[in-house]
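Below: one structure, written as structure tokens.
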Amino acid sequence: MSEKIKILYVDDEPDNLVGFKASLRLDYHIFTAVNIPEALGFLNNHPDIKMVFCDQRMPGKTGVEFFEEIRRSHPLPVRILLTGYTDVESIIDGINKGNIFRYVKKPWTEGDVISAIEEANKFYMANSMLLIKNDELQKAYNELNKFAYSVSHDIRGPLSGILGAINIASDIDDVDEMKKMLFLMEKSLKKLDTYIISMHDYYSLQRGELKITEIDFNKIIDELKPLYSVNSKTNNVKFNINVNQEQIFRGDEVPLKLILNNLLSNAFKYQDKSNPNKSVDMSIEVQKNLATINIKDTGIGILGSHIGDIFNLFYRANSQEVGSGFGLYNVKSALMKLNGQIEVNSVMHQGTTFKVTIPSI
Amino acid sequence: MELSFMIIDESELDCFIARKIIENTDKSLKVITFHNAKIALTTISETPVDNHLARSIILLDLQMPIMDGFKFVEEFEKLPSTIKNNYIIIILSATMNANDISRVLAYSSVNSILDKPLTREKVYDMLMLVNL
Chain D
3 MSEKIKILYV DDEPDNLVGF KASLRLDYHI FTAVNIPEAL GFLNNHPDIK MVFCDQRMPG
63 KTGVEFFEEI RRSHPLPVRI LLTGYTDVES IIDGINKGNI FRYVKKPWTE GDVISAIEEA
123 NKFYMANSML LIKNDELQKA YNELNKFAYS VSHDIRGPLS GILGAINIAS DIDDVDEMKK
183 MLFLMEKSLK KLDTYIISMH DYYSLQRGEL KITEIDFNKI IDELKPLYSV NSKTNNVKFN
243 INVNQEQIFR GDEVPLKLIL NNLLSNAFKY QDKSNPNKSV DMSIEVQKNL ATINIKDTGI
303 GILGSHIGDI FNLFYRANSQ EVGSGFGLYN VKSALMKLNG QIEVNSVMHQ GTTFKVTIPS
363 I
Chain U
148 MELSFMIIDE SELDCFIARK IIENTDKSLK VITFHNAKIA LTTISETPVD NHLARSIILL
208 DLQMPIMDGF KFVEEFEKLP STIKNNYIII ILSATMNAND ISRVLAYSSV NSILDKPLTR
268 EKVYDMLMLV NL
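Order-wise, the sequence lines are chains D and U.
Reading the first sequence from the start, the letters are residues 3 to 363 in the working numbering.
Reading the second sequence from the start, the letters are residues 148 to 279 in the working numbering.
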């Protein structure tokens with residue numbers, strides 16, 4: 003808020019421009035234009051101009067006509083008309099056609115202009131806040147729609163499967179067949195559970211506040227490692243970890259763990275089952291206040307045409323494994339919170355590498 | 148005329164259930180399942196027309212990765228009618244989305260839509276439909 007308010011003043015009389023600038027330039031950032039093309043040039047080059055003062059009587063175009071034009075091309079700046087007090091017609095036009103915020107009568111006093119500026123600034127701020135809030139609301143609505151949509155697939159889907167299984171249970175006499183069905187039921191329920199946990203992650207990422215602490219990556223890895231040891235052993239996937247942290251790193255542990263967990267579980271999940279040398283390599287390097295995390299797998303890879311979509315909510319590029327379409331979206335949200343970046347490199351049937359960089363806070 | 152079922156559903160459990168219910172209803176009914184709609188479509192298009200003597204009911208789920216039910220129907224409709232005429236597409240889905248339902252029913256090759264899970268009654272209804 004310390005930056006000066008940017009104001010454009012348009013008048014064909016150079017003396018007026020000089021007078022305006024002289025009395026206001028200490029408190030405001032004033033641009034002056036002697037004609038309309040020049041004024042449009044300022045508006046194009048300085049999209050953060052908050053208000054435009056314009057004289058009504060100018061050769062070629064009137065102030066109202068100019069406002070009518072920029073109302074469409076540059077809707078954000080607040081429009082204020084300067085006019086002689088006898089000019090009632092132009093004031094009516096100004097309000098109806100130019101949609102002006104105020105008019106200041108000529109000759110103006112500094113008090114009139116300053117009060118117009120202060121009011122216009124409040125109006126501008128309220129409007130921009132409204133635009134930002136509208137964008138946020140629109141985004142929230144879109145996500146809500148996606149949620150409502152996913153409810154039938156991700157919640158009702160597994161439930162109807164379990165219900166169907168219960169219906170046919172009485173017709174199954176074969177114990178092996180029953181066991182097979184129970185296994186599939188368990189898989190279905192696990193999928194539902196994963197969905198609910200991810201939904202919880204999603205919500206806490208969107209609404210939660212940052213809690214900054216000192217991060218010891220070696221400690222985080224010690225906590226994460228056991229989660230993957232079973233998968234590593236049973237599926238014969240080598241898990242190599244290399245941590246190099248020589249300086250203090252500050253950040254929020256919760257989104258950080260979420261990122262590592264999602265990327266690691268994907269790296270284990272999407273392995274190429276026919277590959278005899280399966281591995282997941284993770285390296286963490288902390289240098290110059292930046293943590294660089296590489297997670298490399300020998301998995302099935304991501305098709306080039308799908309890479310652009312993998313961070314979208316509910317997008318799934320593969321049917322090999324249980325996926326909710328939440329994981330990478332949550333990774334992206336967590337990274338946004340931590341001001342981090344992510345890059346993907348993938349070769350089909352050879353593997354995928356995710357490179358994450360997060361600055362220390 | 149011989150009748151068979153082709154189940155296209157990403158969920159293994161749903162395929163298992165549909166197969167069991169159909170087989171329990173009538174042992175002579177043949178059932179094949181696909182977890183990937185794209186592979187199902189390739190199978191349909193590559194099966195020689197001579198072998199399409201038997202009619203098939205395709206039980207198709209809507210929300211699937213790689214190729215969803217909509218895309219499947221769209222591609223299916225491009226096949227020659229000598230192939231298409233041997234199939235009846237019935238949607239089997241847990242969807243509650245009115246837009247999805249009306250959208251998929253708008254395809255001329257889609258016969259009807261059934262709510263999951265499949266039950267014996269629903270199989271009877273389908274058999275009635277084919278015999279009419």
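Cβ atoms here follow ideal geometry from the backbone N, Cα and C, with glycine treated the same way.
As the structure is a prediction and not an experimental result, all values here were calculated from the model.
Residue i: which of the options sits nearest, CA to CA?
| i | options | result |
| --- | --- | --- |
| residue 104 of chain D | D/93, D/32, D/166 and D/86 | D/93 |
| residue 172 of chain D | U/151, U/217, U/260 and U/167 | U/167 |
| residue 159 of chain U | D/276, D/185, D/225 and D/86 | D/185 |
| residue 205 of chain U | U/241, U/259, U/237 and U/246 | U/237 |
| residue 216 of chain D | D/231, D/152, D/188 and D/253 | D/253 |
| residue 304 of chain D | D/114, D/78, D/188 and D/271 | D/271 |
| residue 193 of chain D | D/155, D/214 and D/70 | D/155 |
| residue 189 of chain U | U/215, U/176, U/216 and U/223 | U/223 |
| residue 48 of chain D | D/7, D/25 and D/197 | D/7 |
| residue 346 of chain D | D/140, D/333 and D/208 | D/333 |
| residue 263 of chain D | D/336, D/251, D/240 and D/236 | D/336 |
| residue 29 of chain D | D/42, D/119, D/99 and D/114 | D/119 |
| residue 372 of chain D | D/51, D/99 and D/90 | Chain D is shown only over 3 to 363; residue 372 of chain D falls outside these bounds and no answer can be derived. |
| residue 348 of chain D | D/299, D/313, D/317 and D/169 | D/299 |
| residue 237 of chain D | D/132, D/63, D/228 and D/273 | D/273 |
| residue 257 of chain U | U/239, U/246 and U/272 | U/239 |
| residue 84 of chain D | D/153, D/331, D/115 and D/129 | D/115 |
| residue 23 of chain D | D/112, D/218, D/117 and D/52 | D/112 |
| residue 257 of chain D | D/129, D/205 and D/145 | D/205 |
| residue 149 of chain U | U/208, U/252 and U/174 | U/174 |
| residue 289 of chain D | D/132, D/219 and D/197 | D/219 |
| residue 275 of chain D | D/234, D/158, D/260 and D/251 | D/234 |
| residue 285 of chain U | D/170, D/240 and D/198 | Because residue 285 of chain U is not part of the residues shown, which for chain U are 148 to 279, the question remains open. |
Starting from residue i, follow the beta strand (DSSP E) in both directions and report where the run begins and ends.
| i | result |
| --- | --- |
| residue 2 of chain D | No answer is possible for residue 2 of chain D: it lies beyond the span of chain D, which begins at 3 and ends at 363. |
| residue 252 of chain D | 251 to 254 |
| residue 105 of chain D | 104 to 108 |
| residue 85 of chain D | 80 to 86 |
| residue 243 of chain U | Residue 243 of chain U -> no beta strand (DSSP E), and no H or E assigned at all. |
| residue 242 of chain D | 239 to 247 |
| residue 353 of chain D | 353 to 361 |
| residue 153 of chain U | 150 to 155 |
| residue 35 of chain D | 31 to 35 |
Alpha carbon to alpha carbon, what distance is there between residue j and residue i?
| i | j | result |
| --- | --- | --- |
| residue 280 of chain D | residue 262 of chain U | 41 Å |
| residue 264 of chain U | residue 284 of chain D | 42 Å |
| residue 226 of chain D | residue 266 of chain D | 9 Å |
| residue 31 of chain D | residue 244 of chain U | 54 Å |
| residue 101 of chain D | residue 80 of chain D | 9 Å |
| residue 219 of chain U | residue 277 of chain U | 22 Å |
| residue 297 of chain D | residue 357 of chain D | 7 Å |
| residue 234 of chain U | residue 203 of chain U | 5 Å |
| residue 34 of chain D | residue 95 of chain D | 24 Å |
| residue 355 of chain D | residue 56 of chain D | 57 Å |
| residue 210 of chain U | residue 68 of chain D | 53 Å |
| residue 247 of chain D | residue 191 of chain U | 56 Å |
| residue 40 of chain D | residue 9 of chain D | 14 Å |
| residue 1 of chain D | residue 343 of chain D | The displayed coordinates of chain D run from 3 to 363. Any statement about residue 1 of chain D would go beyond what the structure contains. |
| residue 341 of chain D | residue 301 of chain D | 28 Å |
| residue 106 of chain D | residue 145 of chain D | 45 Å |
| residue 52 of chain D | residue 137 of chain D | 20 Å |
| residue 158 of chain D | residue 165 of chain D | 10 Å |
At what residues does the alpha helix (DSSP H) containing residue i begin and finish?
| i | result |
| --- | --- |
| residue 198 of chain D | 177 to 209 |
| residue 216 of chain U | 216 to 223 |
| residue 113 of chain D | 112 to 152 |
| residue 171 of chain D | 159 to 171 |
| residue 55 of chain D | First-last for residue 55 of chain D: 53 to 57, but that is the beta strand (DSSP E), not the alpha helix (DSSP H). |
| residue 269 of chain U | 267 to 278 |
| residue 300 of chain D | Per DSSP, residue 300 of chain D belongs to no alpha helix (DSSP H) and is neither H nor E. |
For residue i, which residues in the same chain have their Cβ closer than 8 Å to its Cβ, ignoring the five residues on either side in sequence?
| i | result |
| --- | --- |
| residue 179 of chain U | 151, 152, 153 and 154 |
| residue 61 of chain D | 14 |
| residue 176 of chain D | none |
On the premise that residue j lies in contact with residue i, defined as a C-beta separation below 8 Å, what is that separation, rounded to the nearest angstrom?
| i | j | result |
| --- | --- | --- |
| residue 17 of chain D | residue 37 of chain D | Not quite, the Cβ-Cβ distance comes to about 15 Å (not below 8 Å), so this is no contact. |
| residue 185 of chain U | residue 213 of chain U | 6 Å |
| residue 172 of chain U | residue 267 of chain U | 6 Å |
Beta-carbon within less than 6 Å of residue i's beta-carbon, same chain only, minus the 5 sequence neighbours each way: which residues are those?
| i | result |
| --- | --- |
| residue 294 of chain D | 287 and 359 |
| residue 167 of chain D | 183 and 187 |
| residue 364 of chain D | In the structure as shown, chain D begins at 3 and stops at 363. Residue 364 of chain D is therefore absent and cannot be evaluated. |
| residue 181 of chain U | 155 and 187 |
| residue 169 of chain U | 152, 176, 178 and 270 |
| residue 350 of chain D | 303 |
| residue 327 of chain D | 316, 317 and 318 |
| residue 54 of chain D | 10, 79 and 81 |
Please work out which residues of its chain come closer than 7 Å, Cβ to Cβ, to residue i, disregarding the five sequence neighbours upstream and downstream, and give them in chain order.
| i | result |
| --- | --- |
| residue 89 of chain D | 58 |
| residue 63 of chain D | 38 |
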